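Have a look at the structure below before the remarks.
Protein chains: 2
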Amino acid sequence: MNHRSESDDRKPAPRWRRRKDTRPAEILAAAQEIFGERGYDATRLEDVGRRAGCTKGTVFLYYESKAELFKAAVREAMAPMVRDTEQAVEEHQGSARELLTKILRLRWEHMERTRLTGLVKLLLTETGKYPDLARFYNDEFFDRGQALLRKVMQKGVERGEFRKLDVEQAARVVVAPLLFAAVWRHTFEPVASAPIELDEYFATSLEIMLAGLDPAHLHEPART
Amino acid sequence: MNHRSESDDRKPAPRWRRRKDTRPAEILAAAQEIFGERGYDATRLEDVGRRAGCTKGTVFLYYESKAELFKAAVREAMAPMVRDTEQAVEEHQGSARELLTKILRLRWEHMERTRLTGLVKLLLTETGKYPDLARFYNDEFFDRGQALLRKVMQKGVERGEFRKLDVEQAARVVVAPLLFAAVWRHTFEPVASAPIELDEYFATSLEIMLAGLDPAHLHEPART
DNA sequence: GAGGCTAATGACCGCGGGGTCATCAGTACT
DNA sequence: AGTACTGATGACCCCGCGGTCATTAGCCTC
Chain A
255 MNHRSESDDR KPAPRWRRRK DTRPAEILAA AQEIFGERGY DATRLEDVGR
305 RAGCTKGTVF LYYESKAELF KAAVREAMAP MVRDTEQAVE EHQGSARELL
355 TKILRLRWEH MERTRLTGLV KLLLTETGKY PDLARFYNDE FFDRGQALLR
405 KVMQKGVERG EFRKLDVEQA ARVVVAPLLF AAVWRHTFEP VASAPIELDE
455 YFATSLEIML AGLDPAHLHE PART
Chain B
255 MNHRSESDDR KPAPRWRRRK DTRPAEILAA AQEIFGERGY DATRLEDVGR
305 RAGCTKGTVF LYYESKAELF KAAVREAMAP MVRDTEQAVE EHQGSARELL
355 TKILRLRWEH MERTRLTGLV KLLLTETGKY PDLARFYNDE FFDRGQALLR
405 KVMQKGVERG EFRKLDVEQA ARVVVAPLLF AAVWRHTFEP VASAPIELDE
455 YFATSLEIML AGLDPAHLHE PART
């Protein structure tokens, strides 16, 4: 057998190609995967490069530093979700209850479908070490999402669809199960005795939340 | 003024003391603090030493490795909580609803009172990189806690105190707000525009959970 | 107070990974 | 085909930290 058979040794198949326009996206995709899998510190830029089909040097050609790459990766992953959510709120007409359901389901599906869980988890965790990152993502994503939820829930309360409750806190409670799922999945899932049936989990959490917000339930304060 | 005034230069105040018995606890406490503040990777054993009033070398004198120290720190912090919870379940007589409230409040207070939040956050996050750690803590703490909660909730369902629901998932949903609080506090709190009123948050989450579990509420499945 | 046991030290090592840069080799244009 | 431009490379630097160990010095006993 002749190695390098076709067209003989005319085209030694270039070891690499110039692809200035497509590189950044490829690198970003690889970064999203690996950051999501291993976390910030454990991610080696060399590995990111390899998965993106280039070398560490090339990564630095398109991104200033590891931190910048991380920011870009998260931003790119979160943006569609935030946009979709905001759009849903804008367009929606109907009960606040339905809208809330829609928002939560939207987020859930985003997380299920994409690499987002890994990055959500990162946001929640690794960011602690980098206050500027934390601030950025807190303002850009968390606060923004919370503002939307507060709006929706406030409307619900006013309309009598939801029980009277502390809207600010409730908006946080309502997303907690989603965030928990993200974290759980990337921390204990690979190691747990039995996997969580994630759709079951989401359904139950939605059920509990909606029932918990419903004014039909007699308001009986918890006793110790 | 005479520096080193009292008893002149007779006792040059020994640069260090032998305290074989108290060192481990001191080091552990320092480790709990710093791990909690900065996360696993960002924790320098030298800093742990400094805060414990000794040097890095001494840390290694009492703990095999960084990983071992971490394990010990988490174990020590979690143990009382697990114990208290198990005891509460054992001793309790009365409604499942009350018991659930008690358990959640117990955990909340533990987290509030101690350095636990920081370590809980770590468990949820950094452990992902160290599968053996993840497995250990998943089995030792998370599964154990979940088993208890399932038991309580199952009892509640049977007694008609709780709505019929997927007990396994519900047990997870119910703790999500606590874990979220732990994570939030150590990630975004220092950076957020306004701090979460944590007691308010807990109260609201408890309210929603209890109402969400209550069978009084008409069981109306969520529509999209 | 002298001697010995060992807790504690801190200088040291190795290595892994972020970041750099001289060099190479695809590519496009003439 | 030749040439200039630059995308891509990978060998290299450097530093920070986990972990080690010969040495030092506190403490206890006799």
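Note that the protein sequences, when read in sequence, are chains A and B.
Counting in the working numbering, the first sequence runs from 255 upward without gaps.
Counting in the working numbering, the second sequence runs from 255 upward without gaps.
C-beta atoms are modelled at their ideal positions from N, C-alpha and C, and glycine is treated no differently.
Quantities reported herein were computed from a predicted structural model and do not represent experimental measurements.
Around the beta carbon of threonine 441 (chain A), 16 or more other beta carbons sit within 10 angstroms, so the residue counts as buried. Close partners of arginine 329 (chain A) in chain B (Cβ separation under 7 Å) are lacking, with about 17 Å as the shortest Cβ gap. Of B:Gly311, B:Val302, B:Leu323, B:Phe395, the smallest CA-CA separation from methionine 335 (chain B) is found for B:Phe395. A distance below 7 Å between beta-carbons, with the five flanking residues on each side excluded, links glutamate 415 (chain B) to the following residues of its chain, in chain order: Ser349, Ala350, Arg351. Collapsing the DSSP output to three states places arginine 417 (chain B) in coil. With a contact defined as Cβ atoms closer than 8 Å, alanine 424 (chain A) and methionine 407 (chain A) qualify at about 6 Å. With respect to the C-alpha of leucine 354 (chain A), the residue from A:Gly399, A:Lys375, A:Thr381, A:Leu377 having the closest C-alpha is A:Gly399. Look at threonine 355 (chain A) here: in three-state DSSP terms it is helix. Restricting attention to A:Pro469, A:Phe456, A:Met463, the CA atom closest to the CA of glutamate 366 (chain A) is found in A:Phe456. Between alanine 327 (chain B) and alanine 285 (chain B) a beta carbon distance of about 4 Å is seen, short of the 8 Å cut, so the two are scored as contacting. By the criterion of a C-beta distance shorter than 6 Å, lysine 356 (chain A) is surrounded in its chain by Ala342, once the five residues flanking it on both sides are discounted. Going by DSSP, proline 449 (chain B) is part of no alpha helix (DSSP H) at all; its letter is neither H nor E. With fewer than 16 other CB atoms across the displayed protein chains lying within 10 angstroms of its CB, leucine 315 (chain B) is exposed. When 7 Å is used as the limit between beta carbons, alanine 388 (chain B) is near these residues of chain A: Thr441, Phe442, Val445, in chain order. By the C-beta criterion, the segment 432-441 of chain A is judged not to be in contact with the segment 382-393 of chain A, since fewer than 3 inter-stretch pairs fall below 8 Å. With a beta-carbon spacing of about 4 Å, serine 459 (chain A) and valine 427 (chain B) fall inside the 8 Å limit used to define contacts. Collapsing the DSSP output to three states places glycine 466 (chain A) in a helix.
Contact between leucine 360 (chain A) and aspartate 338 (chain A) holds, since their C-beta atoms are separated by about 6 Å, short of 8 Å. Counting only the Cα atoms, leucine 464 (chain B) lies some 15 Å from lysine 409 (chain B). Identification of residues in the segment 264-290 of chain A having a C-beta nearer than 7 Å to some C-beta of chain B yields an empty set. Judged by DSSP in its simplified three-state form, aspartate 295 (chain A) adopts coil rather than helix or strand. With its beta carbon less than 7 Å from one in chain A, tyrosine 455 (chain B) belongs to the interface. Look at aspartate 275 (chain A) here: in three-state DSSP terms it is coil, with no helix or strand label. By the Cβ neighbour-count rule, alanine 331 (chain B) is buried, with 16 or more other Cβ atoms within 10 Å of its own.
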